[in-house]
Structures are given as C-alpha cells and as structure tokens.
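Written out below as structure tokens is the structure these notes cover.
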Amino acid sequence: MPHLRFEYSRGLEDLADLDSLAETLRDALVSSGQCPLGGIRVRGFRADHQAIADGAQTYHFLDMVLRLGEGRDAATRAGIADTLYAAAETALRPQIGDVPFILSLEVVEIDSRFSRKSWSTIHAAIKDQNA
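The opening position of the sequence shown corresponds to residue 1 in the working numbering, with each subsequent residue numbered one higher.
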C-alpha cells in the first residue's frame, strides 16, 4: 500500500510539469522493488491558501508524504525514501531553477489495525492485463 501524496505551492504548476512528476514518482516507487504495483497511488494537490516563510510571494514548495503498509524494516523504508527523493529532485531541479523552493518527504508506516481496504479490484485488473 504505497500511497504518495504531494502538496505543492500555488503557481508551482507554472514552473514544473507535475503530471510528469507524478509518473516519475510512480516509476521510482516501482524501481525500488519494495512497492507492489497494484497498491501504488501517486496524487498531487495544490495548496490554494498558503503563507510561506516571510510571506514573499516568490517562494515555492513541494511536500511529499508516503504512506506504507507495515512490514518493511527501517533500512528498507530509508532506501525507498532516498530513491523517491532523488527522483523528485532530479525531475524538479532543472525546471525550478533559482526560484526559492523546498522539497520535503516524510515516510509514514500505516498501522494495519486501523486500515481498511477490502474492496480492491486493481490487482486483478493488472493480472488480467498481463496474462
């Protein structure tokens, strides 16, 4: 259950191709070898209301939160985080240039006692496509 959400500053979509970024981030999760394809979700949300640092209107951010199911040790989670962060930085750095910007990532482990996901037909659809 690797679910990645990224929230970004208003106007960042004018500087960077965020649809392409979502694909890049999905590919990074796949390439880690630790994230089942059928469980991957990458989605981005613009912050329509924001106040950053000293309030200058030229600042931008992209904050990622990756939620993972239980069972991966700390070294594995750190490896996924490193792979994901490097992919985001590599994709964004040439597009952002010298604009004041911060990229951040947090990895959160989901407590299975409080997670519900019994209705899912995506894994079967992927299997059918690859059959």
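We treat Cβ as the ideally placed atom computed from N, Cα and C, and that holds for glycine.
No experiment lies behind these values; they were computed from the predicted model shown.
According to DSSP, what are the bridge partners of residue i?
i: histidine 3; result: Arg41 and Arg67
i: histidine 60; result: Phe101
i: alanine 47; result: Ser9
Could you spell out where the alpha helix (DSSP H) holding residue i opens and where it closes?
i: isoleucine 110; result: Segment: none, isoleucine 110 is in no alpha helix (DSSP H) and carries neither H nor E.
i: glycine 33; result: No alpha helix (DSSP H) contains glycine 33, which DSSP labels as neither H nor E.
i: alanine 53; result: From DSSP, alanine 53 is part of no alpha helix (DSSP H); its letter is neither H nor E.
i: aspartate 73; result: Taken as a continuous stretch (DSSP letters only), aspartate 73 belongs to no alpha helix (DSSP H), as it is neither H nor E.
Just verifying my parser: in three-state terms, what is the DSSP assignment at residue i?
i: arginine 10; result: coil
i: arginine 137; result: With the chain running from 1 to 131 in the structure shown, residue 137 is simply not present.
Within 10 Å of its beta-carbon, does residue i have 16 or more other beta-carbons around it, so buried, or fewer, so exposed?
i: valine 108; result: exposed
i: leucine 37; result: exposed
i: aspartate 74; result: One point to set straight first is that residue 74 is alanine, not aspartate, in the sequence displayed. Exposed, by the Cβ-count rule.
i: alanine 86; result: exposed
i: valine 99; result: exposed
i: phenylalanine 45; result: exposed
i: isoleucine 80; result: buried
Under a CB-based cut-off of 8 Å, is residue i close to chain C?
i: isoleucine 80; result: Of the protein chains in the structure, only one exists, and it is not chain C.
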